[in-house]
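Just add 496 to wherever you are in the sequence shown, counting from 1, and you've got our numbering.
Even for Gly, the Cβ is constructed at its ideal location relative to N, Cα and C.
Owing to the predicted nature of the structure, the values given are computational and were not obtained by experimental measurement.
Below: the structure, in structure tokens.
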Amino acid sequence: MDWTEKYRPTTLSEVRGNDTARDAFHEWARTWDDHREAVILYGAPGVGKTSAAHALASDMGWSVMELNASDSRTADRIETVAGGAAMNQSLTSTGRQLVVLDEADNLHQHKDRGGARAMTKLVKSAEQPVVLVANDFYEMSRGLRNACRDIEFRDVSKRSILPVLRDICRKEDLEYESDALEAIAATNDGDLRGAIKDLQAAAEGRDRITEADVSTGSRDRTQDIFSLLDAVLKEQSPEEALRTAYDTDETPDDLLQWVEDKVPKVYEGDEVADAYGYLARADRWLGRVRATQNYTYWRYATDNIAAGVAAARQRDRSGWTRYGGAPYRSYRDSTRDYVAERIAESAGVSTATARREIMPFLSVMTHHCKNRGLTVRMVARYELDAEHVSFITGSGESTNKVQDIVADADERREQAAVDHSGGAFAGGDAGDGPDDDADGDEADADGSDEESVTQATLGGADESDDGDEDDRAADAEAAADDDQQSGLGDFM
């Protein structure tokens, strides 16, 4: 079991290294009925902000409703879930429920569709205490900051880290050299969570740790995550990849983001679909953690992220891979979110379902735009631009292939609009040719212009843009096969 969860503080008195912040937080809770303000806990990762929130709830006898802003950024989600929790009475005897919104500094993103505004409105009217947890205070909107109290959690000093490490060693019957714990505390530079992870890694398979067992190099988290990506996606067995994941100073949520974002840069074809299947399972386990606050489920998420994705690999890779930068912003606030939202709107499913269950199959089916006809229909259906096509297919955004596909998709949408306009664009009869008559009859028979436009956009009578008859037959055969396996019938 992950020691950071096993030894998570259960009361505020156990929160180390931030006495001033801890006391201010307790005072906020004790007097909440008088001021009824929300509070922002902010500071670097690993300093105990979220742990302090749960410890406070335990001290006060409050139940907890925790949400992650990365998954709950829309106005509807904030109002439905967080708003419901903040307005309703708790089931506990105290009648209080602590609403905790983690990663609240993500609410400002332009794709949030009103999430920041909804949260600002919520904290001003909440009938229950609300805690916002953030790494960067100034990444939050001014309105939200002004509506809340704020408490800063500072880096945990080496002097405060050492007693925690000694206490864990005692509870684990682990002997140690003092210099070993000193080295761990110094290496982590104020990150208590990272220090505990390093201690657990050093103790694996040992009943005593020495200074020689501890890496004393300066912690480089970016290098750590790139080593993990190589291990999972290119080099190591599932068992070895899992051990590497446990040695990496990232939470399972962070590991999921990194691996999910980088899979298409290494894997191909069936490997991608299988990998995303494991990542979808990991995401479900993380959802259970958020719903139940049972952090023992973290290990099942890590199993799927590391061992599962490594098991999906059909061959090992060598050499250097250009993974690019952190996925933290790129796949949350731009291309990935946009594509998922477009698919969700068209398919009538949630954005999460589109992201986890449809996008991986689209990526495989249109890989490098090899199935050109299918790719054109996808782009037309979801109104995608070159950057979105590049994201899904793995082809370069500026290549002629992608640009031509986008142009063909635009023509298909325009033609579909004309075909089903009822003559509004032509200034005369709607049926200028056999294709128009056929489409018009279909629309009349169906009784739904919107459905007819969808059908024409994806697979109307005129398929000349997609190549010769053999290409269309191959497309249809591939589409039928994928439809049976992936449940993408509405796309096909």
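- According to the DSSP assignment, Tyr834 belongs to the alpha helix (DSSP H) that extends over Thr831 to Ala843.
- Pairing Pro625 with Arg645, the inter-Cα distance amounts to about 12 angstroms.
- When secondary structure is reduced to three states using DSSP, Ala525 falls in the helix class.
- Counting the other Cβ atoms within 10 Å of the Cβ of His531 gives fewer than 16, which makes it exposed.
- Under DSSP, Tyr819 takes part in no beta bridge, so it has no partner.
- A contact between stretches requires three or more CB pairs, one per stretch, nearer than 8 angstroms, and the stretch 726-733 fails this requirement with the stretch 777-786.
- Contact annotation, Ser894 with Val885: C-beta distance approximately 11 angstroms; criterion of less than 8 angstroms not satisfied.
- Assignment of Ser653 by DSSP, reduced to helix, strand and coil, places it in the coil class.
- Annotation: Trp754 to Val596 spans about 24 angstroms, alpha carbon to alpha carbon.
- In the pairwise beta carbon analysis, the stretch 515-525 is classified as touching the stretch 645-658: at least three pairs are separated by under 8 angstroms.
- Two segments are said to touch when three or more pairs of C-beta atoms, one from each, lie closer than 8 angstroms; by this definition the stretch 766-774 does not touch the stretch 830-847.
- Here Ile680 has Ala691, Asp694, Leu695 and Val710 as same chain residues with Cβ atoms under 6 angstroms from its own Cβ, once five neighbours each way along the sequence are excluded.
- Nearest C-alpha to Tyr793 among Tyr819, Ala807, Ala682 and Asp749: Asp749.
- By the beta-carbon neighbour count (other beta carbons within 10 angstroms, threshold 16), Ser814 is exposed.
- In this chain, the alpha helix (DSSP H) harbouring Arg908 covers Asn896 to Asp915.
- For Val543, no beta strand (DSSP E) run applies, since DSSP gives it neither H nor E.
- Between the stretch 615-629 and the stretch 653-672 there are fewer than three C-beta pairs closer than 8 angstroms, too few to call the two in contact.
- When the five nearest sequence neighbours on each side are left out, the beta carbons in the same chain lying within less than 7 angstroms of the beta carbon of Ala551 are those of Pro505, Thr506, Thr507, Leu508, Glu510 and Val511, in order along the chain.
- Per DSSP, the beta bridge partners of Tyr672 are Ile705.
- In the DSSP assignment, Gln753 falls within the unbroken alpha helix (DSSP H) covering Pro748 to Val762.
- Taking C-beta separations shorter than 8 angstroms and ignoring five residues to either side along the sequence, the partners of Phe633 in its chain run Ile536, Tyr538, Asp601, Arg641, Asp646 and Glu648, following chain order.
- By the neighbour-count criterion, in which a residue is buried when 16 or more other Cβ atoms sit within 10 angstroms of its Cβ, Gly820 is exposed.
- Bridge pairing for Arg645: Val535 [DSSP].
- With contact defined as three or more Cβ pairs closer than 8 angstroms, the stretch 897-916 and the stretch 868-875 are in contact.
- Three or more beta-carbon pairs separated by less than 8 angstroms link the stretch 539-547 to the stretch 680-689, which places the two stretches in contact.
- Taking C-beta atoms as the reference points, Thr706 and Asp726 fail to come closer than 9 angstroms.
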